[in-house]
Each structure stands twice: as C-alpha cells, then as structure tokens.
Amino acid sequence: MNNKIICLLSSLVIVIFAAVFSYAADYKVFSAEIVFSSVTPASITHSAITTVSSINGILKAKAYVDFGSNNLSAVADLRYYVNGQSLNISTVSKGAINHRTEFYIATPKLNSSDTSVSYQLKITLQDSSGSTSYLYWPSSSTYQSVNIVNSSSNVVTASGGGTVKFESGNQQYGDTEIVFSSGTFATDQTITITELTLPSMSPSYSGGVSTSQMVALYSVTPLGITLGAPARATFYYGTETSATRFELMRSDDQITWEKVSNVTTDLTNKTVSADITKTGYYAIYVSGSLSDNDYRPAKRVVVQGRDVFKFNNLSDGDSVKIYNVNGKRIREIKSGDAEGFKWDGRRDSGSYAESGTYIYQIKVKDKGKLISGTIAFVK
Amino acid sequence: MNKKTKIILSAVVYLFMLAVVADNSFADNLADKYVYSLFNENFNGATQEAGTVYDNIKYNVWNGGGNSRPAVDIVADSTAKEGNKYYSCSISSTTNGWSGFCYTFVTGSSNVETRRDISAFSTLEFYIRPKTGDVSNIQVGVTDSADRTVSLSSLGVNNSSHTWQKCTINLTGLPSVNLINIKNTFLFITSNLTATFDLDSIVLKRSSSGSFDAALKNISDSSSTTKITWDETVLGSSWTAANQYIELSLDKFESDTWKIKIYTNNGSASKNGLVAVTDETKIIPMCWRISKNTLPNSDGDTLQIAQSGAPNYALYDKGKSATDPSYYPWFYMVDFAEHESGDYDVAWSYKGFHAAKDENYWGMMDMSKEGIYPKVYLGADFTNALGGLTYRANVKLELFNE
Amino acid sequence: MKKILSLLLLFGCIVLMSNSVFAATEFTAEVSFTSGGEVSFDAVLKKRADNTSATAITWDAGDISIGSSSVEWKAATVYAVLTSTITKASGKVYLYQNNKSTSTAVKYQATTPRYETTNQIYSGLVKGNSGGGDGNYAPMTFMVSTVTVATPDINPVTSEYGKRYFIDQDNSNFVKDGYCTVVDSQGYINAVDGSGNVQHLAKQTTGYMYFGAGFQNIIAGTSYGTNNIKFEIVTE
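Heads up: the protein sequence lines correspond to chains A, B and C, in order. Using the numbering used here, you'd call the opening residue of the first sequence number 4 and step up by one each time. Using the numbering used here, you'd call the opening residue of the second sequence number 5 and step up by one each time. Using the numbering used here, you'd call the opening residue of the third sequence number 79 and step up by one each time.
Next comes the structure, spelled out in structure tokens:
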C-alpha cells in the first residue's frame, strides 16, 4: 500500500513538472570522436607459416596491408623457391589489394618429393602522384624457410598440459591441433600428430553403418594411450570435398573403428572438433553418403523395459517422431547419446504407449527428406 | 396389510387430504424443471433409495394373490446406464396374483398418499435391461384412480436383447389417464411371471422449448455482479483467473443436439481477448474453463492456470499433476468472428461439459441438461499488458441447436 | 429462481449452416491499469573487440583511407548494450543529437564547429578543427539488434533495412516518434519504413546498438566528433 502511495505521489510530481516543461523525460548522453593523426606510413601484416603439409602441398599465405595516412594503390606478389634452390625463384601475383583488406596468395601444388619451400611477400605501392615504393615480408633480402612435412610433435607436460599443432600451410583454413589440459599424463609425454595418406579403400566401421568416404586421416601417437582427461582435438579435413556433414572415427589399428560423439563441424575453417579420450588413428568421413537404412533402427520389435529402439547417425537438429496407426503423434525425440536417438515406448507425457504398431518418421536436417517406417512396441 | 384394508386407508387419506392444505414441495420443484428425476443421479428430483421418501415421493413395493414381492436392489457398478447405480429387479409371481413396485406421491409428516398434477410433463422415460425370463408383458405406467399402463413389448422392448433399451411412454397416450390427479407417478406391475431385469434413469420430461440463462457472480461470495474484472495488480502476471464466474442453466430444452458456445465478441478473429480501448493493436489473450461446481473444489481442481511450452503451449491446471486426466481443462478464447463449426469453443452441449481432459473428452455423458448449473471461469495472460491502458472484451455465450 | 432471459430466435441465421441460435447473452470484461507499469532504460558502452567498458564511441583511424573521395562506411569500435523495461503504454526512448547547442559543455569544439549547412544537416560527427572544405561532417548511422553482432552492417547504402541515420534536433526533418524511437512498449525497433511504420524486434530486456559513420576526403591531422548523442527516456 505504501509503495502505491509513493508511486502515486511520484506520478503527481512528474505530472506537475511536465506541465511546466515540455514533458517528463530523463536523458543518457554519450560522445563520439575520431582523431586522424598527421602522417603514418604503410605497413604489411602477416604471420609466418611454419610447416606445409606434404600431403596437401600448397603454401597459402594470408596478409593485409595498412596504407597508413596515405592515398595509395597496391599490388601483391608471392615469391618462392623450393628445396633450397634460391636462384630458382617463382612469382605468383595476386594483383590489386586494398587498404586493410585481408588477402590470400598461394603457391601452386608442390611436388610430393619437395622437402622445403622458402617464400617472401612483396607489395608494390603507388601514390596519387605516381611515385612507387615497396613493402616486403619478411624483408627485401630474406625469405622465410618452411619445411614440408607430414607431422608435428610437442611435449605435453604432466603439470601444465600443452598443445600439439600441425599446420597445413594453408592460412585460409584451420589447422589440426590437440589441446591437452594439465593432468592428462602422469609424466611428460611427447605427442605427435601425423597426417597420413588416405587408404585406397576406406574400411567399414563397427556400429552397423556402411562404408562412406574418408577425406582425412591422422595418427595421434604413441598409440594405445588413454588420456587422464579429455583433450580438445581439431582436425583439418582439406579442400577436396564440398560436403557439409562429417563424422570423426577413431581406431587403434585402422581396422575396427568407433564413432567419436559430439563432433562440431566448422565449415569456414574446414575442421571437425571433438573431445578425445585416447590416442590412435583419427579419420574424417563425409557422412552425406549414409543411406536411409543407416538411420533406421536395427531392432524393429521392442519389449517394454527390455530394450529400446535406436535411431542411428543422428545429431542436433535432427528429430524422430513416433505416430500411432491413427496418425496421432505420440512422441518427439530431439536428442540422444552415443548410441543414437532412443525410443523406449513412452509417450511425450511419460506414460508407456499401448502395444501395437507405430510409425516412425526421421528428419535428418541435411537430407531434406523424411525417412519413415514401422516398428512394434510390446508392453 | 391386505388389499381391502389398504383401500380403506387410502380412502381415509384422500378424505383427510381434502381437508388440509396440500403440501406443495413436489409442485414447487416441478415448476421450472424440464426433467424431473425419479431415479437418476444427475438430475434433481425424488427418491433414489428404495423405501425412502424424497421430495414427497415414496418408493413402494407390493405383492398380492399369494405372490412374493419383487426384489429390487440398488446395484453400483460400471454397467449402469447413467451414473453409477441402477435397480436390479427380480420378479417371481407364479400365480395369477400380481407383484410390482411404484413411486407414490405422499404428503405430511406421516407420508400419507396423495394426488398430484403431472400434466406439465409429456413423457415418462426409463431404461430397461432384460436378463432372464420374458419381460414383454410387464405393464408400466401411472396410477390415477386406476392403473393406466402399457406393456413393455408395446414400448418396443426386445426381450432377447440383454442390453440397455430406452422406453418412452407418452403420458397423454395412456388409456383414460387423468394426469391432473396422479397417485403413482411410475408403476411397474406383473402377473404370473418369473423374470429378472435392470432399470435405470427413470425420469419425467416436458416438451416445451427451452431457455438459457447465464448469471455473472463474484467468486468471493457468489453475489451477483455486472462485469468481469481483474485487479490492477495483475499487470505483468501470467495467466490469472478473473474475479467472477458465469453460472449457466438450461431449462426445458428438448432437442438432443444443442450446444452452448463461448467467445469474445470484439469484431475480428485477432481480437480474441481483452483489447486496449485506446489502441486496438494491444490485445491480452483470454481463456475459459467449465466446471460442474465452484472452484477451487475438493477434487483438487484449482483456478491456477499455467501454460506449457512449445510446441503445444497448452493451458493446464497448475494445482493438478500432469498425470491427472483433468490436467488440461482450459481452452483459449476465440472471437465470434472466427468461430468455426467444430467444438473448440463449445462449453456445454448434449454431450456434456467440454472438460478438455484430452482431445475428445466431454464430461458427464448423455444427461447434461436441466438441473445442473455449470460454472464458466475466465482467465487472461497479463505478461504483456501495459500500464496506462484500459483493456476490454465482450464475452458472448450462445445457445443453439444443430 | 432464475430470471429467464428473452429468447432470440434466428432462423436461417448468420452463424452456421444448419444451426439456429435460440438464445444469447453477453458480458463485459474489463481491467484498467491506471497506475501500474514502469519505464526504465540504461545504455552502457563496450568495446567490440573484448567487451570491456568504453567511455566514448570511436573508430579505428587506421581503418580509414586518407584522402579518399568516395564515402567509406565504417563501424565504430564501440557498441552500446541497452537495457530496458517498458511496461507502460506511453513509455519510449528516443535517440537524437544536439550539435548546434551553444552550451560549451555540449558542443564538440569551443570554436565554432563546422556543419553542413547547405542541406541543413547538423547531425553526425562534426569537424572539430579548421581546414578542408567539403566533408565538414561525417554522417552517423545506428542499428539495433537483439543479439550481439560480430561484424555489424551499418552502411545505409547496402540495404535500407535495419539502419537509420542519426538526426539532430535542428535538422529540418527532425521528428521523434517513429524515426528516432529506439524502443517502446512493444520492444526494440529495427527499422522504420518509408511510411513511418516501425518494425519491432522480439521483445526482450536487452538490446544492442551498433554505430557507423561515413568518412570522405579525410585529411591527416583532423578530428571529428560530437558531444551530444542523446537517449531521451519518456514515461508519458
């Protein structure tokens, strides 16, 4: 009651105020400013490439040029030589580049027998009066030397953890790396990530799913280690595929594979990431080639309490709907675990459905169609 | 007591009756009833227990000519035609004597037999379920100065069908009957018969066309009022019941296909709620529910309204548990401009109350007319209500017939 | 015991095909919120790069070409987190400027600022020091979003939807309702179309405002600014 009176009085005060001035209002005021300093020179920004993958074989540099306080035009070149042959320099030209605009410039695919590449970026600047100047990275007289390898190692300490990273040499996309937290290993451990050439025939893997297309294969060694804590692994899958859905599989022997769950795909950086708990072989598969049957439950009759229907190969954004034979929807399932989306025979309300035939409808978000079938539930 | 004595006593009673002012309780109840219940759990009326007197109607069994009385027990099980109870009857009259039972008008503290006027009613209806023996020749009807009856077979009863069958006696069609001077308003009499059968839902019915009434009452004290309101303090609250309820009644309406619908009448389908008087784009959604009795009640039904999330956004009784079938009694209000031929906006119909227990639930099947006064409660969601505005809605209830 | 209402018999009636209405009754439901509801609003500046707090709206000078004759629209490096609760029908918040104020506390420079006077445009960033002819101001824009945006598009030319110019109270086209309104009882406002119809975003407490400015013919060694970007909170 008191609050009401106070409110009322406040309203009255404001009303009176409003009568004298235009109307009741409160203000928040900000200022804005930009200062352009007198003269600043142009500069080039680029992070050095440390390794080029022998399997991908392309060095692609990312850089940008800041024109400073000048009205300029610019073009960029990439100059490089392989295997120490410093007198045999090739040039790739990017052409016109803009102030503070990121650009990429790449070598063609190098020979699989090449072991190193050395590169330099050269920027030609021209101002409005036509006079020309140059910017170089690393400098006008030096080249950055990069090893062409297929692996990278680092020591992961027991107390501090660590990161093992394998740069593919393509700065447009992400790199393969594994971040270990402290306590993952009992003693300091050297971990190596090796990119492997793809086998000529992709093996099938356990989990009841048929073969699909492998696009990248790595080993995380030494094999056979179970981590004391999960590590965050990111694997780069390359530029050979335009698929959008991938699976990450792990194996100890490249023969029997198991699916890694909770995989995040980054299409911009062309990586898949997941928490891993073991070393071993890691393969990235394109999952777009799964057939309808790869989603259907293997068990078509389930007895209450003894088993559940499992809908495989589904992830966030997919759904399974269960209908009775009259077409009434009784359950919608939108999530699951490593064994898939499961239906135990319960309705959305929690009570068990009657014995009988039910129709399932699976919606896989990337497939753009529905997969239906019938199952029988027995109480 | 033998028959002769009974007749003499009856005569004395009649003479006595002429001398005293008649007890009019039955007549009062008769005045505005479309259905008068003699044995029915859902309508107001007379006795439901053998041997008792209620509303000045006494249930009698008798026999004659050396026969035993009929055994009539009240059985409660799910096979009742209406409600939970029915009469289970066993007749064994082996000679030409008779046995039977009836409802008799009585008066005064001594329950003396008397005569009443039932001419306002047009039919006497009941359900019979034959079991053993042949019921075809059992006589049913009323008694004025004599028994005025017809046989069950003439009412269309199929003795070999052991299911509930409805019988309708056209009262004015009974031979030589004087409906103004009735002693037994329901008479069941047999001779030389052994049979068993069940009876249920024995009622008297009128035939005139009906009327519909809706009265607005305050929840606090059931006093009459003129407007449906909420307190200002509901601003910003989610679904909240109004301070009033609407009590419905339906009288003397004969058809079996009627409905009472409820909607807002604000002029367009989008205005299915309280509309701000100065800004018609600001609308507060409304809902309703219908209940047999006032709420909250002893069955745990409350006036707390909650709303479930996507995708159904169903409204439910927050005071009940989700496993209780009476969890979803609330309906969203639609506007008259949108109302469709379906049943979503039907509150009460020949099927019963629209109780929204599940998609197809109607409370109180079959008998859902006179003598029952269901209450309609209203709610609204003030989450997006704005201070400084007055919101208004016209709430319309209509009775119509398919 | 009950009053019997008069019957309405409607044969061949409006309602439905074979139905006929026998009776109808109507009640009025009403609720009046005369004193309730609140209007509260706050705006806090933060740096887009790391979400730490900022004291003024600013741009990255290195990001802007010196001497370019074409207009470059750049997003400010600072954004505003708006917090509002408006449960009163009359509540709203306007956004506009007062660059022509004579008060030394308000105007950008003690010396007479240079405005674009030909078209009576006093809004945006005004040039602080002397020098230069055209480009005496840099027009400013803003956009409102219900989520944070990594790279806000504040260029009014790329698409007219969602971005609005800042308006000065001395501009000839100055109007508060609609165009200058940031949030009202229906939520944050995304855009205003040519007919003055506002497009509301989903109603929520927090909104985000991103700022932009169009830079042209910039000369090294100059500065642009404004000291009076004003949110006006109206309760009635």
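Note that beta-carbon positions come from the ideal geometry of N, C-alpha and C, so glycine has one too.
Helix, strand or coil for residue i, going by three-state DSSP, please let me know.
i: T104/A; result: coil
i: G140/C; result: helix
i: D321/A; result: strand
i: D120/C; result: strand
i: L124/A; result: strand
i: Y395/B; result: strand
i: V263/A; result: coil
i: L307/B; result: coil
i: N249/C; result: coil
i: D121/B; result: coil
i: S185/A; result: coil
i: S142/A; result: strand
i: N173/A; result: strand
i: S126/B; result: coil
i: Y331/B; result: helix
i: V235/C; result: coil
i: S375/A; result: strand
Taking 7 Å as the CB-CB limit, is residue i close to chain A?
i: W151/C; result: no
i: A167/C; result: no
i: I65/C; result: A query on residue 65/C cannot be resolved here, the shown segment of chain C reaching from 79 to 314 and no further.
Of the choices the options, whose alpha-carbon is the least far from that of residue i?
i: G140/C; options: A134/C, K152/C, T133/C and S148/C; result: K152/C
i: S155/A; options: S264/A, N272/A and T53/A; result: T53/A
i: S34/A; options: K308/C, V159/C, S263/C and D120/C; result: K308/C
i: I232/B; options: V238/B, Q248/B and C106/B; result: Q248/B
i: G101/B; options: D151/B, L191/B and R73/B; result: R73/B
i: Y326/A; options: G320/A, L226/A, T377/A and I287/A; result: T377/A
i: F220/C; options: A228/C, D262/C and C258/C; result: C258/C
i: L350/B; options: T194/B, L252/B, S158/B and Y58/B; result: It is Val, not Leu, that sits at residue 350/B in the sequence shown. The candidate whose alpha carbon is nearest that of V350/B is L252/B.
i: V38/A; options: D128/C, G114/C and I144/C; result: I144/C
i: V57/B; options: F109/B, F125/B and L175/B; result: F109/B
i: L270/A; options: D278/A, R253/A and G241/A; result: G241/A
i: V380/B; options: I78/B, N141/B, N71/B and I223/B; result: I223/B
i: D385/B; options: K322/B, I288/B, T83/B and K296/B; result: I288/B
i: K205/C; options: N177/C, L173/C, I311/C and P230/C; result: N177/C
Could you confirm whether any beta carbon from chain C is found closer than 7 Å to the beta carbon of residue i?
i: F335/B; result: no
i: A397/B; result: yes
i: K400/B; result: yes
i: K2/A; result: Residue coverage of chain A in this structure runs from 4 to 382, which leaves residue 2/A outside it and unanswerable.
i: W234/B; result: yes
i: F216/B; result: yes
i: V78/A; result: no
i: A35/A; result: yes
i: L239/B; result: yes
i: D69/A; result: yes
i: K379/B; result: no
i: L220/B; result: yes
i: S46/A; result: no
With a threshold of 8 Å on Cβ separation, who are the neighbours of residue i within its own chain once the five nearest residues in sequence on each side are excluded?
i: Q294/C; result: S146, S147, S148, V149, E150, D212, G213 and A216
i: S381/C; result: As displayed, chain C neither begins before 79 nor continues past 314, which places residue 381/C out of reach and without an answer.
i: L178/B; result: G145, V146, R152, T153 and V154
Mind checking whether residue i and residue j have CB atoms under 7 Å apart?
i: V181/B; j: L156/B; result: no
i: I61/A; j: A79/A; result: no
i: A45/A; j: G71/A; result: yes
i: N268/C; j: Q282/C; result: no
i: F312/A; j: Y298/A; result: no
i: K400/B; j: E104/C; result: yes
i: F190/B; j: C106/B; result: yes
i: N185/B; j: D235/B; result: no
i: A298/C; j: S41/A; result: yes
Can you list, in chain order, the residues of its chain whose CB lies under 7 Å from that of residue i, leaving out five sequence neighbours each side?
i: N270/B; result: V279, D339, A397 and N398
Which residues in chain E sit within 7 Å of residue i, going by Cβ to Cβ distance?
i: F309/C; result: Considering every chain present, this structure includes no chain E. Its protein chains are A, B and C.
Between residue i and the rest of its own chain, which residues show a CB-CB distance below 6 Å, the 5 nearest in sequence each way excluded?
i: D246/C; result: Q175, N177, Y200 and S201
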